[in-house]
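Enquirer: Numbering follows this note's numbering, with no gaps: position 17 of the sequence shown is 43.
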Amino acid sequence: MLRASLLNFFKLESATGILLVFATLFAMIMANTSLQPFYDSLTSIPVVISFGSLIIAKPLLLWINDGLMAIFFFMIGLEVKREIIEGSLRDPKAIALPAFAALGGMLVPSIIYAWLNWNNPIALQGWAIPSATDIAFALGILTLLGDRVPKGLKLFLLSLAIIDDLGAIIIIALFYTADLSTLSLTIAASMIALLALMNIRGIINHTAYILVGIILWIAVLKSGVHATLAGVILGLLIPLKNNQTSFHALEHSLYVPVNYVILPLFAFVNTGISFSGISAKDFYDNVTVGIALGLFFGKQMGVFLFTLFAVWMGLGKLPQGVNWKLLYGISLLSGIGFTMSLFIGSLAFEDARANGIVLTDERLGILMGSMISGFLGYIVLRFFMKKAEN
Numbered sequence: 027m028l029r030a031s032l033l034n035f036f037k038l039e040s041a042t043g044i045l046l047v048f049a050t051l052f053a054m055i056m057a058n059t060s061l062q063p064f065y066d067s068l069t070s071i072p073v074v075i076s077f078g079s080l081i082i083a084k085p086l087l088l089w090i091n092d093g094l095m096a097i098f099f100f101m102i103g104l105e106v107k108r109e110i111i112e113g114s115l116r117d118p119k120a121i122a123l124p125a126f127a128a129l130g131g132m133l134v135p136s137i138i139y140a141w142l143n144w145n146n147p148i149a150l151q152g153w154a155i156p157s158a159t160d161i162a163f164a165l166g167i168l169t170l171l172g173d174r175v176p177k178g179l180k181l182f183l184l185s186l187a188i189i190d191d192l193g194a195i196i197i198i199a200l201f202y203t204a205d206l207s208t209l210s211l212t213i214a215a216s217m218i219a220l221l222a223l224m225n226i227r228g229i230i231n232h233t234a235y236i237l238v239g240i241i242l243w244i245a246v247l248k249s250g251v252h253a254t255l256a257g258v259i260l261g262l263l264i265p266l267k268n269n270q271t272s273f274h275a276l277e278h279s280l281y282v283p284v285n286y287v288i289l290p291l292f293a294f295v296n297t298g299i300s301f302s303g304i305s306a307k308d309f310y311d312n313v314t315v316g317i318a319l320g321l322f323f324g325k326q327m328g329v330f331l332f333t334l335f336a337v338w339m340g341l342g343k344l345p346q347g348v349n350w351k352l353l354y355g356i357s358l359l360s361g362i363g364f365t366m367s368l369f370i371g372s373l374a375f376e377d378a379r380a381n382g383i384v385l386t387d388e389r390l391g392i393l394m395g396s397m398i399s400g401f402l403g404y405i406v407l408r409f410f411m412k413k414a415e416n
């Protein structure tokens, strides 16, 4: 009975979103009860792996953020490649509309945050936090609406979120890197060249790619560039042509561990906000307000207005079955930054906190903006879909 119930639950498209909510609530309960010492100790457990003179020593929190999340980005890389070659991003005309929407959804929230924090150079480092959209969460909420959701609307959100993820990857690579190691970068570059050569030669042994990818991950980790980028690169360089069945099987095999283990685990270790150290002032601090307003107002304004502009310019048209009311609901859902915003936030203020600089917890703004966007997005879409049925 229990096994059957679990299997039915995991078949739900909204299962990942539900697990993320539960992981977040569980983390916040632990962080605000007598379980807080256990939560802090758990995320701080030192984990060391060494091979001769190569030593990787990190707390459990960073092994999840730098290691397990690289697998998530690996799946994103595979997904992007598949969509570009076979899917919704193959047709330039189909790409135009979600690309403009994604651009607006990244640009406007960042401007809002930067405007509110312009006079604080340290806080300004978080400008990219509200620029992200959480694919799993947004799609999870959309699927709660059932079969009433037009296929074109879901495809638009998926394409927007994928392009948004590409933007986030570029931002991480360009703006959130530490001091660079020439030796490690050289090793990483040689691994990328090897992967590219394997691709060109038509090698389709995924084990070989993953072994090279592990060396690439270690080199990128030691280089100062964020290690998760190795996952994206590996995903993009695994061949799809003449390898469709194996490629799709690999991508499918990652779905369960990523969505049901890695993402909830990431949410759990990163959202344990203790309210004992939070005052009323923290709720209207410029960092909190900038992130919350960026996600809620910035995302919906950017996505909706840039889409409107693209249609007005004749660069694309709304998908079949989608009207402007439904598009506004999707614009609201795009304000669910959550996983990607938390990830960028963990990088943005890493150096400042390491140097003892006290900042307002950026997770507060991320949770506020994401929760309001998700709730109102669901309400708006449900209302207009129900009205259309009547």
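We put the beta carbon where it would ideally sit given N, CA and C, even for glycine.
Here the structure is a predicted model, which means the values were calculated and not measured.
Nearest to K351 by alpha carbon, out of F330, V337 and R29?
Expert: Residue F330 holds the alpha-carbon nearest to the alpha-carbon of K351 among F330, V337 and R29.
Enquirer: From N231 to A122, what distance separates their C-alpha atoms?
Expert: Spanning the two alpha carbons is a distance of roughly 35 Å.
Enquirer: So, for L402: in the same chain, excluding its five sequence neighbours on each side, which residues have a beta-carbon less than 7 Å away from its beta-carbon?
Expert: L358
Enquirer: Starting from F323, trace the alpha helix (DSSP H) in both directions and tell me its first and last residue.
Expert: From DSSP, F323 is part of no alpha helix (DSSP H); its letter is neither H nor E.
Enquirer: Got a sec? Which residues, its chain only, sit under 6 Å from G316 by beta carbon, not counting five neighbours each side?
Expert: Y139, L142 and N143
Enquirer: Roughly how many angstroms lie between the CA atoms of I111 and Q270, to the nearest whole one?
Expert: 11 Å
Enquirer: May I have the straight-line CA-CA distance separating S70 from E376, to the nearest angstrom?
Expert: 15 Å
Enquirer: Sort M327, V106 and A41 by Cα distance to S157 and report the nearest one.
Expert: M327
Enquirer: A164 and L183: beta carbons closer than 8 Å?
Expert: yes
Enquirer: Judging by CA-CA distance, which residue of K180, W243, Q62 and F294 is the nearest neighbour of L87?
Expert: Taking L87 as reference, the option from K180, W243, Q62 and F294 with the minimal CA-CA separation is F294.
Enquirer: Where does V47 fall in DSSP's three states?
Expert: helix
Enquirer: Check the DSSP bridge columns for S76 and list the partner residues they point to.
Expert: I81
Enquirer: Roughly how many angstroms lie between the CA atoms of S260 and A306, to the nearest whole one?
Expert: The question names Ser, but residue 260 is Leu in the sequence shown. Each residue's Cα considered, the two are about 45 Å apart.
Enquirer: Apart from the five residues just before and just after W89, which ones in its own chain have a Cβ nearer than 7 Å to its Cβ?
Expert: V73, listed in sequence order.
Enquirer: Helix, strand or coil, according to DSSP, for V295 in the structure here?
Expert: Looking at V295 - three-state DSSP - the assignment turns out to be helix.
Enquirer: Does the count of Cβ pairs from the stretch 402-412 and the stretch 166-180 closer than 8 Å reach three?
Expert: yes
Enquirer: Does the Cβ of V313 have 16 or more other Cβ atoms within 10 Å, making it buried, or fewer, making it exposed?
Expert: With 16 or more Cβ atoms within 10 Å of its Cβ, V313 is classed as buried.
Enquirer: Could you name each continuous alpha helix (DSSP H) segment of 4 residues or more that falls completely within the stretch 344-371, going from the start of the chain to the end?
Expert: 350-359
Enquirer: Quick one: give me the first and last residue of the alpha helix (DSSP H) that Q270 is part of.
Expert: Q270 to P283
Enquirer: Between the stretch 103-110 and the stretch 288-304, do at least 3 Cβ pairs fall closer than 8 Å?
Expert: no
Enquirer: Say whether chain C places a C-beta atom closer than 8 Å to the C-beta of G93.
Expert: Annotation note: the requested chain C is absent from the structure, which comprises a single protein chain.
Enquirer: Out of L168, G320 and F64, point me to the one whose CA is closest to V406's CA.
Expert: L168
Enquirer: Tell me the DSSP secondary structure of W144 in three-state form.
Expert: coil
Enquirer: State the DSSP-derived secondary structure class of Q62, mapped to helix, strand or coil.
Expert: helix
Enquirer: Could you check which residue in F292, Y354, G347 and V348 has the C-alpha nearest to that of G43?
Expert: F292
Enquirer: Which ranges does the alpha helix (DSSP H) cover as unbroken runs of at least 4 residues, wholly within the stretch 145-206, from first to last along the chain?
Expert: 147-150, 161-169 and 177-201
Enquirer: Measuring straight from C-alpha to C-alpha, what distance separates D92 and F100?
Expert: The alpha-carbon of D92 is positioned some 12 Å away from that of F100.
Enquirer: Just how far apart, CA to CA, sit L61 and K325?
Expert: 36 Å
Enquirer: Using C-beta distances below 6 Å, list every residue in its chain close to L341, excluding the 5 sequence neighbours before and after it, in chain order.
Expert: A122
Enquirer: Compute the Euclidean distance between the alpha carbons of I356 and L179, then round it to the nearest angstrom.
Expert: 8 Å
Enquirer: Can you check which of these residues, V282, L321 and R116, is closest to I392 by C-alpha distance?
Expert: L321
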